[in-house]
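Chemist: Below is a structure I'd like to ask you about.
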Amino acid sequence: MNGTAFRWKAAVRKTGAVAQITLRQQLAYKADFVFRSLFLLLILFVFVQLWSTAYDGEGSEVVGGFTLKQIVWYLVFTEALTMAGPPLCARIEEEVKNGDIAVRLTRPFSYLAYHYASYLSEALFRFVIHLGVGSAIAWPFVGAPSFGFGWLGLAVLSIGALTVDFLLKAVVALCAFWVEEVRGLDFVLQKLQFTVGGMLLPIDLMPEWLQRVCAWLPFQAVLYFPARTAVNSEGANLAAQLGVQLAWTALLGVLVTEVYRRGVKKLHVNGG
Amino acid sequence: MSMAGKFGSVIRFLLTCWKVNLASALEYRTSFFLLAGMMFINNLMWLFFWSLFFHRFPVIHGWRLEDVMMLWAVGSGGFGWACVLFGNFPRIAAIVSSGQLDVYMSQPKPVLLNVLASRMSVTAAGDFVFGIVIYAMVGNHTFTGALAFAAGLLISGCLYISVMVIAGCFAFYVGNSEGIAGQVFNSFLALSTYPSDIFKGLTRIALFTIVPAGFISYMPIGLLRSFDPVFAGWSIGVTLLLGVGGALLFKAGLRRYSSGNALAMRS
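Protein chains in written order, with our numbering: chain A, 31 to 302; chain B, 1114 to 1380.
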């Protein structure tokens, strides 16, 4: 076996181990986790009331290509994905501030790969739990999620969505190497996902000019693509959406690597 | 000491607390303005969502975009002044369960007031400014309109404080109730920022009883757009009831409080 193949194999093994450890950590505190998920129940209940009232007032069963059932399940998927992502910016900021990063960097494992493996494992676990919690509200109010191939689209696009989400957060989080405090930037990123990312309102229901802007931003690949495809797989071009996710993954991947490469040279750790 | 003397002493104490808190916050001026600005942007993004929503659905059960903007003005403004002047109100459960009450009990001042006023939330200054800016943009600028808005701010701020004091008092009875108090806090905030008229039946009843967020979220209609004396009377009554109830519950809780031997400097 040559050296490159061996290194790759070792990297994959390490990544798998990190993912497994993260998952075990999540399972250790599942009661606490479910308790915290209760807030999702409330938010979704409020959304069901809001959208039911809006549809009642409109007097039409379909608005902007969405039935009430589709819009409620769309919101379940976007909320489940949003709340699935661990607070990466806060974690890296903390590592930089308290010096833990010194230990992390000396380990024979890529710093970015470590965080990606941990992020994806935790996010997927949380996503599944949130889907269950969200279903407890959506199902009784608007009926079963009978979306056929939409579920397949959701599964496929969610991996890419969480990857793009990780990369977006990583760009912001790595700024901690220069400025330490990245809460403000993280906050702006979150709000962009809430609005132009289509978390609260599908992009199809936004004004024409804003839809054109959203098409050029990476945020639609995180929430809008998987949720829209899940509730309406027939109207979605899965291949095109996967292509957009791949393009953003490549672009942001290069950006994250470059930011990390420059940032780690500037980093001064005292103690740790 | 006479009643007037006691009252004067409490006011002087509060003014000193606020002066010291402000000086402390302004010590990190950049951080202060950055955090306050963040909250302002946060609220602005929510209004951006609502403007998109109302672009698609111009009227929701009689509510227009201006009403929701006023709901945010009165809600964030009330929350803002409450957090700036009495910034510890969302943290009572944490303070009680971690034994940090000791330091307040050792001082010759009303314990609850001392706890509440000993912290200033800098981010909340952005909430308060946001409320005022939105009122300046879409509010009723007549004398009665300004009076109604000021009353709305006062009632909403007092409701936020009272509800969280009551939720925080659970810690005296069930031990660590930070999780429950956190859920109450988030739920109350969330419910008070959506138009009350989207809720029907039992939920609507609950909104004006168990979780009295309805007294904030109905304000744009019942107090600001047109003055409804019944709603105004109930709002004031419920606010007073919860305020007094919270203070009594805290007082009763103090008798059950076990010291954590955590006598330390307040930070």
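We treat Cβ as the ideally placed atom computed from N, Cα and C, and that holds for glycine.
Less than 8 Å between CB atoms is the rule here; does THR83 of chain A satisfy it with respect to chain B?
Modeler: In the first sequence, residue 83 of chain A corresponds to position 53, counting from 1. Answer yes: the Cβ-Cβ gap between THR83 of chain A and chain B drops below 8 Å somewhere.
Chemist: Relative to the alpha-carbon of LYS1222 of chain B, which residue among B:ARG1369, B:LEU1272, B:PHE1126 and B:GLY1366 has its alpha-carbon at the smallest distance?
Modeler: Mapped onto the second sequence, residue 1222 of chain B falls at position 109. Per the Cα distances, B:PHE1126.
Chemist: Which residue from B:THR1236, B:ILE1124 and B:LEU1336 puts its Cα closest to that of LEU1259 of chain B?
Modeler: By one-based count along the second sequence, residue 1259 of chain B stands at place 146. Looking at the sequence shown, residue 1259 of chain B is not Leu but Ala. Comparing Cα positions, the closest option is B:LEU1336.
Chemist: Can you pull the chain B neighbours of LEU68 of chain A, defined as C-beta to C-beta under 7 Å?
Modeler: Walking along the first sequence from the start, residue 68 of chain A turns up at place 38. Per Cβ cutoff of 7 Å: GLN1296.
Chemist: With a threshold of 16 other CB atoms inside 10 Å of the CB of ARG1369 of chain B, please say whether the residue is buried or exposed.
Modeler: As a position in the second sequence, residue 1369 of chain B is number 256, starting the count at 1. With fewer than 16 Cβ atoms within 10 Å of its Cβ, ARG1369 of chain B is classed as exposed.
Chemist: Can you list the residues of chain A that LEU1165 of chain B reaches, using a CB-CB cut of under 9 Å?
Modeler: Taking the second sequence and counting its residues from 1, the one referred to as residue 1165 of chain B is at position 52. Those are THR225, LEU230, LEU231, LEU235, MET236, PRO237 and LEU240, listed as they occur along chain A.
Chemist: Who are the Cβ neighbours of SER1380 of chain B in its own chain at under 8 Å, not counting the five residues just before and after it?
Modeler: Within the second sequence, numbered from 1, the residue matching residue 1380 of chain B stands at position 267. The predicted model places SER1380 of chain B with a pLDDT of 49, which falls under 50 and marks its position as unreliable, so this point remains unresolved.
Chemist: Could you tell me which residues DSSP pairs with PHE96 of chain A in its beta bridges?
Modeler: As a position in the first sequence, residue 96 of chain A is number 66, starting the count at 1. DSSP output for PHE96 of chain A lists A:VAL93 as bridge partner(s).
Chemist: Who are the Cβ neighbours of TYR85 of chain A in its own chain at under 7 Å, not counting the five residues just before and after it?
Modeler: Looking up residue 85 of chain A in the first sequence gives position 55. If we look at TYR85 of chain A and ignore the five residues flanking it on each side, its Cβ neighbours are VAL93 and LEU98.
Chemist: Pairs of beta-carbons, one from the segment 1355-1367 of chain B and one from the segment 1266-1284 of chain B, closer than 8 Å: are there three or more?
Modeler: Yes, the segment 1355-1367 of chain B touches the segment 1266-1284 of chain B.
Chemist: Report the rounded CA-to-CA distance for VAL76 of chain A versus GLU1140 of chain B, giving the unit in angstroms.
Modeler: As a first step, residue 76 of chain A is located in the first sequence; it is residue number 46 there, counting from the start. As a first step, residue 1140 of chain B is located in the second sequence; it is residue number 27 there, counting from the start. Near 40 Å, if we compare the C-alpha coordinates of GLU1140 of chain B and VAL76 of chain A.
Chemist: Using a Cβ cut-off of 9 Å, which residues of the segment 188-219 of chain A contact any Cβ in chain B, in chain order?
Modeler: Under the 9 Å Cβ criterion, the segment 188-219 of chain A contributes GLU211, ARG213, GLY214, PHE217 and VAL218.
Chemist: For the alpha helix (DSSP H) holding ALA1117 of chain B, just list the boundary residues, first then last.
Modeler: As a working mapping, residue 1117 of chain B is identified with position 4 in the second sequence. Unbroken alpha helix (DSSP H) run through ALA1117 of chain B: 1116-1139.
Chemist: DSSP three-state call for TRP169 of chain A: helix, strand or coil?
Modeler: Locating residue 169 of chain A in the first sequence gives position 139, counting from the first residue. Three-state DSSP puts TRP169 of chain A in a helix.
Chemist: Determine, for MET1183 of chain B, whether the minimum Cβ-Cβ distance to residues of chain A falls below 8 Å.
Modeler: Reading the second sequence from its first residue, position 70 is the one you call residue 1183 of chain B. With 8 Å as the cut-off, MET1183 of chain B does not count as an interface residue toward chain A.
Chemist: Taking all protein chains shown into account, decide if GLU152 of chain A is buried (16 or more other Cβ within 10 angstroms of its Cβ) or exposed.
Modeler: In the first sequence, counting from the first residue as 1, residue 152 of chain A sits at position 122. Classification for GLU152 of chain A: buried.
Chemist: Would you list the residues sitting across from ILE1173 of chain B in a DSSP beta bridge?
Modeler: Translated into the one-based positions of the second sequence, residue 1173 of chain B becomes position 60. Partner(s): B:TRP1176.
Chemist: At a CB distance below 7 Å, what residues from the segment 1334-1350 of chain B approach chain A? Give them in sequence order.
Modeler: Cβ contacts with chain A: none found.
Chemist: Quick check: what's the CA-CA separation for ALA1249 of chain B versus ALA1149 of chain B?
Modeler: Taking the second sequence and counting its residues from 1, one reaches residue 1249 of chain B at position 136. Taking the second sequence and counting its residues from 1, one reaches residue 1149 of chain B at position 36. Distance between the alpha carbons of ALA1249 of chain B and ALA1149 of chain B: 19 Å.
Chemist: Helix or strand or just coil, what does DSSP make of GLY1191 of chain B?
Modeler: Residue mapping note: residue 1191 of chain B aligns to position 78 of the second sequence, counting from 1. Helix at GLY1191 of chain B.
Chemist: If we call anything under 8 Å between Cβ atoms a contact, is ALA40 of chain A one with LEU150 of chain A?
Modeler: Taking the first sequence and counting its residues from 1, the one referred to as residue 40 of chain A is at position 10. Taking the first sequence and counting its residues from 1, the one referred to as residue 150 of chain A is at position 120. No, these two residues do not count as a Cβ contact at 8 Å.
Chemist: Please tell me whether GLY72 of chain A and ALA1303 of chain B are closer than 8 Å, where the distance is taken between their beta carbons.
Modeler: Taking the first residue of the first sequence as 1, we reach residue 72 of chain A at position 42. Taking the first residue of the second sequence as 1, we reach residue 1303 of chain B at position 190. First, the amino acid is wrong: residue 72 of chain A is Leu here, not Gly. Contact: yes.
Chemist: Straight-line CA distance for SER1115 of chain B to SER1122 of chain B?
Modeler: One-based indexing of the second sequence puts residue 1115 of chain B at position 2. One-based indexing of the second sequence puts residue 1122 of chain B at position 9. Distance between the alpha carbons of SER1115 of chain B and SER1122 of chain B: 11 Å.
Chemist: Grab me the residues of MET1183 of chain B's own chain with a C-beta within less than 6 Å of its C-beta, minus the 5 sequence neighbours each way, in chain order.
Modeler: As a working mapping, residue 1183 of chain B is identified with position 70 in the second sequence. PRO1333 and LEU1337.
Chemist: Can you look up MET1233 of chain B in the DSSP assignment and give me helix, strand or coil?
Modeler: Mapped onto the second sequence, residue 1233 of chain B falls at position 120. MET1233 of chain B: coil per DSSP, three-state reduction.
Chemist: Considering only C-alpha positions, which residue in the set A:PHE217, A:ARG258, A:ALA251 and A:ILE51 is nearest to LEU1147 of chain B?
Modeler: On the second sequence, residue 1147 of chain B is found 34 positions in, with the first residue counted as 1. LEU1147 of chain B has its Cα closest to that of A:PHE217, out of A:PHE217, A:ARG258, A:ALA251 and A:ILE51.
Chemist: For GLY302 of chain A, which residues in the same chain have their Cβ closer than 8 Å to its Cβ, ignoring the five residues on either side in sequence?
Modeler: Sequence index remark: in the first sequence, residue 302 of chain A carries index 272 (1-based). Any reading at GLY302 of chain A needs caution, since the residue's pLDDT is 46, under 50, leaving its predicted position unreliable; the model's value is listed next. Cβ neighbours of GLY302 of chain A beyond the five flanking positions: ASN128, GLY129, ASP130, ILE131, ALA132 and VAL133.
Chemist: Going straight from the alpha carbon of ALA168 of chain A to that of VAL252 of chain A, what length do you get?
Modeler: Residue numbering aside, residue 168 of chain A sits at position 138 when the first sequence is read from its first letter. Residue numbering aside, residue 252 of chain A sits at position 222 when the first sequence is read from its first letter. If I take the Cα positions, the gap works out to 21 Å.
Chemist: Would MET1158 of chain B count as contacting chain A if we go by Cβ distances under 8 Å?
Modeler: Here residue 1158 of chain B corresponds to residue number 45 of the second sequence, with the count starting at 1. At least one chain A Cβ lies under 8 Å of MET1158 of chain B.
Chemist: Is it buried or exposed for THR1129 of chain B, if we count other Cβ within 10 angstroms and need 16 for buried?
Modeler: Position 16 of the second sequence, counting from 1, holds the residue named residue 1129 of chain B. THR1129 of chain B is exposed by the Cβ-count criterion.
Chemist: How about SER82 of chain A and PHE177 of chain A: are their beta carbons less than 8 Å apart?
Modeler: Here residue 82 of chain A is taken as the residue at index 52 of the first sequence, counted from 1. Here residue 177 of chain A is taken as the residue at index 147 of the first sequence, counted from 1. Against a cut-off of 8 Å, the Cβ pair of PHE177 of chain A and SER82 of chain A comes out as no contact.
Chemist: Below 9 Å on C-beta distance, what does ASN1289 of chain B contact in chain A?
Modeler: Position 176 of the second sequence, counting from 1, holds the residue named residue 1289 of chain B. Per Cβ cutoff of 9 Å: no residues; ASN1289 of chain B is ~12 Å from chain A at best.
Chemist: Measure from the alpha carbon of ASP195 of chain A to the alpha carbon of each residue in A:VAL286, A:GLU88 and A:PHE207, then state which is nearest.
Modeler: For the purposes of this step, residue 195 of chain A is identified with residue 165 of the first sequence, where counting begins at 1. Answer by Cα proximity: A:VAL286.
Chemist: Count the other CB atoms, across all protein chains shown, that sit within 10 Å of the CB of ILE233 of chain A; report buried if there are 16 or more and exposed otherwise.
Modeler: As a position in the first sequence, residue 233 of chain A is number 203, starting the count at 1. By the 10 Å Cβ count, ILE233 of chain A comes out buried.
Chemist: Need the endpoints of the alpha helix (DSSP H) that ARG1204 of chain B sits in, please.
Modeler: Along the second sequence, read from residue 1 onward, the residue named residue 1204 of chain B stands at position 91. Segment: none, ARG1204 of chain B is in no alpha helix (DSSP H) and carries neither H nor E.
Chemist: In whole angstroms, give me the CA-to-CA distance for VAL261 of chain A and TRP103 of chain A.
Modeler: Walking along the first sequence from the start, residue 261 of chain A turns up at place 231. Walking along the first sequence from the start, residue 103 of chain A turns up at place 73. Taking the straight line from one Cα to the other gives about 7 Å.
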